[in-house]
Amino acid sequence: MTTITPGAAQVELAIGGMTCASCAARIEKKLNRMDGVEATVNYATEKAKVTFDADISVADLIATVEATGYTAQEPVRTPADGGRAEEATESDELRPLRQRLVTAVSLALPVIAMAMVPALQIDYWQWLSLTLTAPVVTYAAWPFHRAAWTNAKHGAATMDTLISVGTTAAFLWSLWALFFGTAGTTGMTHPFEFTIGRSDGAGNIYLEAAAGVTAFILAGRYFEARSKRKAGAALKALLELGAKEVTVLRGGREVTVPTADLQVGMRFLVRPGEKIATDGIVTEGSSAVDASMLTGESVPVEVSVGDAVTGATLNAGGRLVVEATRVGSDTQLARMAKLVEDAQNGKAAAQRLADKISAVFVPVVIGLALATLGFWLGSGSGLTAAFTAAVAVLIIACPCALGLATPTALMVGTGRGAQLGILIKGPEVLETTRKVDTIVLDKTGTVTTGRMTLLAVHTAAGTEEADVLRLAGALEHSSEHPIAQAVAAGAAARVGTLPTPEDFANIPGLGVQGVVEGHAVLVGREKLLAEWAIELPVQLERAKADAEAAGRTAIVVAWDGEARAVVEVADAVKETSADAVRRLRALGLKPILLTGDNKAVAESVAAEVGIEEVIAEVMPQDKVDVVKRLQAEGRSVAMVGDGVNDAAALAQADLGLAMGTGTDAAIEAGDLTLVRGDLRAAADAIRLARKTLGTIRSNLFWAFAYNVAALPLAAAGLLNPMIAGAAMAFSSVFVVGNSLRLRGFQAADN
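If you count the sequence shown from 1, you need to add 326 to reach my numbering.
Spelled out as structure tokens, the structure:
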């Protein structure tokens, strides 16, 4: 392994020209052979992350990649344009592939129809087929020929090699048969029969095989490229979470400027309901800040003068003046974006099964074709018969159904998943679902609802619960605090319309007070009651202690000089979470609860849903470290989360499942998205993904099997065009039919 000296530089290169995972592996191997270089190449993101010593330049790295047959450049970052330039580039990359696909499909369909239906074989139909096929095997199939040439220069063979060799052989043989054989004569037809008999091939053309294979494989590549485009969307979603503009205080005036213009030391205003523009220290005011999307802490954090606040969190209460302490790439949000990017680039590129098979299948087929040529030449059968048999081997070995095997199963599987509230990002995530043995569950918004909820009311002797809810709810309804709003919403749901309070006052950090229906009401912390010399009775003191021990927020209610009740508020566990955990265990997965919330809350939630292992009070970067530690122990880790704080861990995990009710950053970083926000969908998603993977595997088997079965016929010189066309058609029909069975997938009974 290459030794890197301390202080080595790092660069990220954008790689162009890769067509499969083996391309990424080849570039990575070439870079790592350089002294003083360590590199990882990700096929999904089309990036190479390279660490290199001082005596090596970026130009040397780019030259090495180019010598391998690919392109490399340092990516141009333009955060000011909001990623629009990058999106335009991605669109430009897809456009030529889409144009080639449209060309191939529109021209190949009539060619296949004429070859398979004798009634369509009018005079000179073979020359019409040649005219239509020529643009398909030259223009539309050019990416395969280019990749095959690149592979050949480096002594490698991939699926591109087989496609290029097979389609070229079919086309060139058809040209020979048309111009120098008997296939070009007027009235030539391919009879609809599957008789096996030896011929010299001079009257046979295989244009439908060349055109059909190209169209099918291009369709697969196009759908794959579309799913691959989303690889960097998590970073865009993260960076777009922050405030776009900020109100800066200059000389006593309020001036609105772009957030990018903020500098360390500037003071800016944050009104209720606004996002905090950047990391800083509160210099004026007090409020409750909702930081759940960044920290996972379900209870809003009370902040006042001297407290630190984080950019992109939401000011849920009063007016704040904040002094910026970190801006740009130094902020916590930007660091989290870097964590996501590092996790994505560090994730091993998914080695596609088709390329694994091709690594063995291609050399075997080419060797068999050469052996067939040698055998027939040696047996004295003549040059034409020998070449007919050898070319037939190459033609029949090119499996057109391979281009349908993955995209059809994926399209049917993802379509069925969408109906069930499950979105599968792409084929590369399916292999992982078979291997995962550990599932890490975020708490806030995943196992729990993610919002504060009124859970229980404990009343003093002689006090009715309805009175507590009506009076406390009325007062809390006038407060903007998230906990107060939870009490008000819960009270309104249980007792109906709430009265309007009089003389309402908010006591910062303590609670609220006012007059409701002639009663002087206090709602808030025990300290608020102490200021009015009101003590809690023993039973309420015990209820408050029990609530806090369970990690819940206890709110004290008093009126007319007496403590009347303790109200419990917490982030409630979803009704379906316990059932979801049981289903995940049934799939062979060990659940772990991972949260930024405090340990008491986490353990209480875990006990309620049946999770034994709890990891609490972790920051976003710690979540990534936990996933890495589990992976280092040899576990294959799935992660379910919904917040920005989960995005990096979702990207790092072997399989990321994002709750669709969460943030865009989490959704984009995940491999699977659960639209409904129901954790039971995680079990259904894994079941569906495993079933889709099984379908793809069986598709790949049959895509090869039909063709392999016909190889002996080809080698024996017994292949006729109808058998070749039938093998192509039957394998394609089987693949499509097998994929359509996924439409019958059912979610577990809810």
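Glycine included, C-beta positions come from ideal geometry on N, C-alpha and C.
Predicted model, so just to flag it, every value in this text is computed and none were measured.
* Span of the beta strand (DSSP E), counted from its first residue to its last, around Glu-336 -> The amino acid at residue 336 is misidentified as Glu; the sequence shows Gln. Run containing Gln-336: 335-342, per the beta strand (DSSP E) assignment.
* Beta-carbon proximity check, Thr-515 vs Ala-466, cutoff 8 Å -> Between Thr-515 and Ala-466, the C-beta spacing is not below 8 Å.
* Asked: Comparing alpha-carbon positions, which option in Ile-607, Pro-808 and Ala-787 lies nearest Met-778?
  -> Per the Cα distances, Pro-808.
* For the beta strand (DSSP E) containing Asp-829, list its first residue and its last residue. => Start and end: 828-833.
* Could you tell me the distance, in whole angstroms, from the CA atom of Ala-335 to the CA atom of Asp-361? => Ala-335 and Asp-361 have their alpha carbons spaced roughly 14 Å apart.
* **Cβ pair Thr-459, Phe-506 closer than 8 Å** => No. Outside cutoff.
* According to DSSP, is Leu-767 helix, strand or coil? -> In the three-state DSSP reduction, Leu-767 falls in the strand class (E or B).
* Buried or exposed (CB count within 10 angstroms, at least 16 for buried), Ile-448 -> Per the 10 Å Cβ criterion, exposed.
* Thinking just about the alpha-carbon of each residue, which of Thr-366, Asn-530 and Ile-382 is nearest to the one in Lys-375? -> It is Thr-366.
* Asked: Between the beta-carbon of Ala-1008 and the beta-carbon of Ala-906, is there less than 8 Å?
  -> The answer is yes: Cβ separation under 8 Å.
* Asked: Whole alpha helix (DSSP H) runs in the stretch 950-1038 with 4 or more residues, listed along the chain?
  -> For the stretch 950-1038, whole alpha helix (DSSP H) runs of length 4 or above, ordered along the chain, are 970-978 and 990-995.
* **Where Arg-868 falls, given that 16 or more other Cβ within 10 Å makes a residue buried** => By the neighbour-count rule (16 or more Cβ atoms within 10 Å), Arg-868 is not buried but exposed.
* To do: Look at Ala-889 and Pro-863 and say whether their C-beta atoms are less than 8 Å apart.
  => Contact: yes.
* With burial defined as no fewer than 16 other Cβ atoms inside 10 Å of the residue's Cβ, what is the status of Pro-733: buried or exposed? -> Result: buried.
* Pick from Ala-537, Ile-341 and Ala-441 that is closest to Ala-509, judged by C-alpha positions -> Closest by alpha carbon: Ala-441.
* For Thr-494 and Ser-290, the rounded distance between their alpha carbons -> Here the chain has residues from 327 to 1076 only, and residue 290 is not among them.
* Mapping DSSP to helix, strand and coil, what is Ala-460? -> DSSP places Ala-460 in helix when its eight states are reduced to three.
* Short check: CB of Leu-749 to CB of Val-653, under 8 Å? -> Cβ distance not < 8 Å, so Leu-749 and Val-653 don't count as in contact.
* To do: Buried or exposed for Pro-834, please, with buried defined as at least 16 other CB atoms from any protein chain shown within 10 angstroms of its CB.
  => Under this definition Pro-834 is an exposed residue.
* To do: In the DSSP assignment, find the beta strand (DSSP E) that holds Ser-613 and state where it starts and stops.
  => Its beta strand (DSSP E) spans residues 613-616.
* **Where Thr-404 sits in the DSSP three-state scheme** => In this prediction, Thr-404 scores a pLDDT of 39, lower than 50, which makes its location untrustworthy; no coordinate-derived value is stated.
* **Neighbourhood of Thr-836 by C-beta, 7 Å cutoff - its chain only, sequence neighbours within 5 removed** => According to the sequence as given, residue 836 is Leu; it is not Thr. Excluding its 5 nearest sequence neighbours in each direction, Leu-836 has C-beta neighbours in its own chain below 7 Å: Gly-850, Arg-851, Lys-853 and Leu-854, listed in chain order.
* **Bridge partners - Phe-687, DSSP secondary structure assignment** => Note: Phe-687 sits in no beta bridge, so no partner.
* In terms of alpha-carbon separation, which member of Thr-657, Ser-705 and Arg-1067 lies closest to Gly-739? -> Closest by alpha carbon: Arg-1067.
* Three-state secondary structure (DSSP) of Trp-1078 -> Summary: the structure shown does not reach residue 1078, with the chain confined to residues 327 through 1076, and so no result is reported for it.
* Closest by C-alpha distance to Asp-829, when choosing among Gly-822, Ala-818, Ser-804 and Ala-815 -> It is Ser-804.
* When the Cα of Met-344 is compared with those of Arg-359, Val-384, Asp-486 and Asn-358, which residue comes out closest? -> If we check each option's Cα against that of Met-344, Asp-486 comes out closest.
* When the Cα atoms are used, what is the spatial distance from Phe-1056 to Leu-699? -> Approximately 28 Å between the Cα atoms of the pair.
* To do: Confirm, please, whether the CB-CB distance from Asp-980 to Asp-768 is below 8 Å.
  => Their beta carbons are not under 8 Å apart, which means Asp-768 does not touch Asp-980 by this criterion.
* To do: Take Gly-606 as the anchor and find which of Leu-646, Ala-642, Ala-614 and Arg-742 has the nearest alpha-carbon.
  => Among Leu-646, Ala-642, Ala-614 and Arg-742, the Cα nearest to that of Gly-606 belongs to Leu-646.
* Asked: Between Glu-874 and the rest of its own chain, which residues show a CB-CB distance below 7 Å, the 5 nearest in sequence each way excluded?
  -> Closer than 7 Å at Cβ, skipping near neighbours: Ala-880.
* **Through-space distance from Glu-934 to Ala-617, alpha-carbon basis** => Approximately 25 Å between the Cα atoms of the pair.
* To do: Pull up the distance between the alpha-carbon of Gly-558 and that of Leu-797, whole angstroms please.
  => Note that Gly-558 scores 47 on pLDDT, short of 50, meaning its location in the model is unreliable; the coordinates nonetheless yield the value given after this. About 51 Å.
* Below 8 Å CB to CB, which residues in the same chain sit around Ile-489 once its five sequence neighbours on both sides are set aside? => Here the set comprises Ala-467, Phe-470, Ala-474, Val-539, Thr-540, Ile-543 and Cys-724.
* **C-alpha gap between Val-690 and Glu-372, whole angstroms** => Cα-Cα distance, rounded: 30 Å.
* Determine the direct distance from the alpha carbon of Gly-960 to that of Gly-290, and round the result to whole angstroms. => Outside the displayed span of the chain (327 to 1076) sits residue 290, for which this structure offers no information.
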